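In my numbering, the protein residues as written are 10 to 131.
For glycine and all other residues, C-beta sits at the position ideal for the given N, C-alpha and C.
Being a predicted model, the structure only gives us computed values, none of them experimental.
Below is one structure, written out as structure tokens; the observations come after it.
This is the structure:
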């Protein structure tokens, strides 16, 4: 049986944050799993094995996060984030993706997109 997934994947994405503990808690609430957490960095795991590396660093305030998160059910994700009392935009319904933005602990916009993968393995 051949593997239907693409041949390559993103291994690691780094995000500079002002407070690793606060940012780790934020991403865990979104559904990302903690692998390692130290005072000055943490490694979180997304579906598919991609690691998000958070490290203490002065990130430019108000700049958007340089990646987005994709979910299977945008409405369920929106309800979950709203339920945590996070600062969140309305859902924008698009031609390819529906999405919304949530503010990180550093006041940076993180986009949450609906999946476009359908029934394909990712």
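- Residues bridged to residue 24 (per DSSP): 63
- Item | Unbroken beta strand (DSSP E) run spanning residue 109, endpoints | 107-112
- Measure the alpha-carbon distance for residue 54 versus residue 106 and round it to whole angstroms. 23 Å
- Runs of alpha helix (DSSP H) lying entirely within the segment 36-102, each at least 4 residues, in chain order: 83-92
- Message: Tell me which residue opens and which closes the beta strand (DSSP E) that residue 11 is part of.
- Response: Counting along the chain, residue 11 falls outside any beta strand (DSSP E), and DSSP gives it neither H nor E.
- Task: State whether the segment 110-118 contacts the segment 71-89, with contact taken as three or more CB pairs (one from each stretch) at a distance under 8 Å.
- Result: yes
- Span separating the alpha-carbon of residue 43 from that of residue 26: 16 Å
- Would you give the residue range spanned by the beta strand (DSSP E) that residue 121 belongs to? 118-123
- Message: In whole angstroms, give me the CA-to-CA distance for residue 86 and residue 124.
- Response: 12 Å
- residue 32 beta carbon less than 7 Å from that of residue 63: yes
- Selection from 90, 40, 28 that minimises the alpha carbon distance to residue 48: 28
- Can you grab the Cα-Cα spacing for the pair residue 103 / residue 94, in whole Å? 25 Å
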